[in-house]
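Some notes on the structure that comes next.
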Amino acid sequence: MIKHFTPFRRLIGYVILFCGLLIFLIWNQLLSHLDKYRQESIAVATNRNANLVAGLEQYTISIIQNADAVLKLVKLEYEQTGKVDFNTLVKREVIDVQKFNSLAILDEKGFLKVSNIDKKDKSSLSFSDREYFTFHINHPDGLFVSEPLFSRTINKTVVVLSRRINRKDGHFDGVVAVQIEPTTFTRFYANANLETNDIISLISPSGITYARRTGNKESFGESIIKSPLFAHVKQKPIDNYYAKDALHGIPTYFSYRKLENYPVIATVGAAESVVLLDYYKKKDHDYTFGIIITLLLILFAILICATLIHYKKADSQIKDSNARYRTIFDNSRDGIFLLSPNGCIAAINEAAYQLFKVDVDVSGEVAFEQLFQSAIPAINFEQLTANWDTKNEFQFTCLDNSSFIGEIALNSFQDSSFTKHLIINIRDITARKHMEQQLLEEQKRFQLQLTKQIIQAQEKEREAIGHELHDNVNQILTTVKLYLEMAYASPENRDTLLPRSITHVNECIHEIRDLSHALSSPTLGTRSLVDSVKALLESIESSTSLCISFNHEAYNKPIIIDQKLTIYRILQEQLTNIIKHAEATNVSVTISQTDAATEVSVIDDGKGFNMDALRQGIGLNNMLSRVKVWNGDMKVYSQVNDGCELWISLPIHAAKAVVSRKVGSEGS
């Protein structure tokens, strides 16, 4: 399509450049405005967070200072008098118990000594394992703020603030401690309008939360050590940053303040989705507007470009189409005719001239029927156009008396004025028809030769049967007749002659049975192919010196009885050939199956033969003809002194159950 831009490329370039510049200016202004709005939204949220965290800091400091003041007061009175009456202090409103949950004094061994909570057996409670108790043993002074832990006196999670009590000589004399529930620190914001993912929290330097409020949900004791907060605190004690919430992975804008003189970090966070909610709405609105304007400008440019190149492109397409048509029309090996509605030839290609031996221009006013003397059968275009897909064969006699067989196919097309034209395609199939005739004659010749060989085989088999009956059965019966006549003439010899006669009659019966088995496969009607083949191989082994192995493990699909008979006869024929000609000792017979075929192989260790000198005798032709009936395949492999292998493959035809048969359906 680029080649069509050539006459108008400069004008089209200006149009595209103008539209592109206009789109750039629109989007630059839009994105700049959106970025400014985004920064303003973040600044508003950051200021709000900073104000909230400052308030949280002051509120937390006031709670800690109030609790520390109580601790100092109790510590001072206990160190001076050795005792403290909490009830008196409460009544005098020296201690405000509403600011904390309990107040207690532990002795130097960690046992509860004094408490404002009534607790049975309180003297047996030991807190020597608590971190704050261990801290005060090792530190002479200082306020200790514990991480949230479960209180053994009030059975709640609390934050413990404690100070050391000293004896007059400065030695450790116990601990005074106050317990505060984590919710006390966030109670100030209970009525604050917090979004679902807004965060207010107090965090220890070790990463454990003293108290945390996420929306309306209170929590404590969570580890956020992986939060980038601590890296920021190392650089600045008061600052803002953006990161994912360490617990829920929600992108959040944070403000934080590290409390001076206390191991507490106050943080306030607002979820990005809330902070930028108005920004996202405005972004969607502005993007929609920008996309619509962009699409309109692109459509405008496309319409202008399409208008400029339309006529040039249409002209070029017509030329290309005409060139393709002329190439196909002129170079086709089939004769092509284009007929006008009046039946005259509008166009004709070179192959058509050669086909009908025409040496003058016949396009114009010449009808198609004027190109030849006759056509057999007669051409009727009304009948031919009734079925466009049908290909019809005609015997044409040209004007120079030459002839050919043509295959005609018809089609039609409409020109720009919607006039319908007929296209005739004629292919010379004379050579193909001659080849088909030769193939048919060859098939007939082969069938005739095969029939002769079958007749010869039948005559030979009948002659063999005659010899067998004459040389064996007839001689045995003659002997029996002689014995019976002697027994009739000499009654005293009957006891000797009659048993001999019976023995010879049994021999005669066996001979006739063996002969009948050789002529037919009686077991195929009632027994499986495997059993029938086994019986055949056992019969041959018992009457010859051959050692025959039979493998049928891969044969498991039933086949129809006619295919069984084919396999049985081929095995009979090949085994007979081995007995007569191979001088073999061992024979291997295998019957197997694939998804589509039944395969049989017969391998012997006989003297073999030269494949180049292989003659298509009656036996091989009989086997081959049986295989071809089923569209199967047969191959023979042999070398001198290296035995012989026969391999056949027959497509599987599934056996059908016969309901009327008395014997059950065959398994294989």
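The numbering of the sequence shown is numbering that gives the first Met the number 0, which starts it at 0 and goes up by one.
Ideal Cβ positions, reconstructed from N, Cα and C, are used throughout, including at glycine.
Quick one, are the C-beta atoms of residue i and residue j less than 8 Å apart?
i: G631; j: L645; result: no
i: L102; j: V144; result: no
i: N48; j: Y252; result: yes
i: K390; j: I375; result: no
i: I199; j: Y209; result: no
i: P262; j: P204; result: yes
i: T185; j: G214; result: no
i: N100; j: V157; result: yes
i: H420; j: L337; result: yes
i: A345; j: I335; result: no
i: E397; j: F371; result: It should be pointed out that residue 397 corresponds to Cys in this sequence rather than to Glu. Result yes, Cβ atoms of C397 and F371 sit closer than 8 Å.
i: S222; j: R211; result: no
i: I94; j: V113; result: no
i: A245; j: K216; result: no
i: C18; j: I291; result: no
i: Y286; j: Y36; result: no
i: S531; j: Y554; result: no
To which residues of the same chain is residue i closer than 6 Å at the C-beta, ignoring the five residues directly before and after it?
i: V635; result: L645
i: H503; result: I475, T478 and V479
i: N239; result: T45 and S254
i: Q638; result: G607
i: E598; result: S591 and S648
i: R426; result: D333 and E406
i: D399; result: K356
i: A176; result: A103, V159 and S161
i: K243; result: P250
i: E146; result: S203 and I207
Determine the DSSP secondary structure at residue i, reduced to helix, strand or coil.
i: R186; result: helix
i: H420; result: strand
i: Y241; result: strand
i: T543; result: coil
i: S61; result: helix
i: K677; result: No answer is possible for residue 677: the residues shown for the chain start at 0 and end at 667.
i: I577; result: helix
i: Y13; result: helix
i: Y261; result: coil
i: P521; result: Because P521 carries a pLDDT of 49, less than 50, the predicted location of this residue cannot be relied on, and the following value inherits that uncertainty. Three-state DSSP puts P521 in a helix.
i: F143; result: strand
i: N379; result: coil
i: D427; result: strand
i: T208; result: strand
i: I558; result: strand
With a threshold of 7 Å on Cβ separation, who are the neighbours of residue i within its own chain once the five nearest residues in sequence on each side are excluded?
i: R9; result: none
i: M485; result: N492 and L496
i: V52; result: S254, Y255, R256, A265, T266 and V267
i: E572; result: G618, N621 and M622
i: D67; result: L142 and L160
Contact check, residue i vs residue j under 8 Å by CB: the rounded distance?
i: N550; j: T589; result: 5 Å
i: H138; j: R163; result: 7 Å
i: I558; j: I454; result: Wrong, their Cβ atoms sit about 29 Å apart, outside the cutoff.
i: I569; j: R625; result: 6 Å
i: L160; j: I63; result: 7 Å
i: G109; j: S125; result: 5 Å
i: T59; j: A265; result: 6 Å
i: D720; j: V586; result: Residue 720 falls outside the range modelled here, since the chain spans only 0 to 667, and no answer is possible.
i: E56; j: R256; result: 5 Å
i: I422; j: F412; result: 7 Å
i: S40; j: V273; result: 10 Å between Cβ atoms; not a contact.
i: A300; j: V43; result: That belief does not hold up - the Cβ atoms of A300 and V43 are roughly 41 Å apart, past 8 Å.
Can you tell me which residues form a DSSP beta bridge with residue i?
i: K281; result: According to DSSP, which records beta bridges pairwise, K281 is partnered with nothing at all.
i: T266; result: S200 and Y255
i: R37; result: Looking at the DSSP assignment, R37 forms no beta bridge with any residue, so it has no partner.
i: S548; result: S587
i: W646; result: S600 and K634
i: R163; result: V174
i: F395; result: A374 and F403
i: L105; result: L111 and V174
i: V93; result: In the DSSP output, where bridge partners are listed per residue, V93 has none listed.
i: F149; result: T156
i: A346; result: L337
i: F412; result: H420
i: P250; result: K243
Please go through the same chain and pick out, in chain order, the residues whose beta-carbon is closer than 8 Å to the beta-carbon of residue i, but skip the five residues on each side of it.
i: I428; result: E392, I404, G405 and E406
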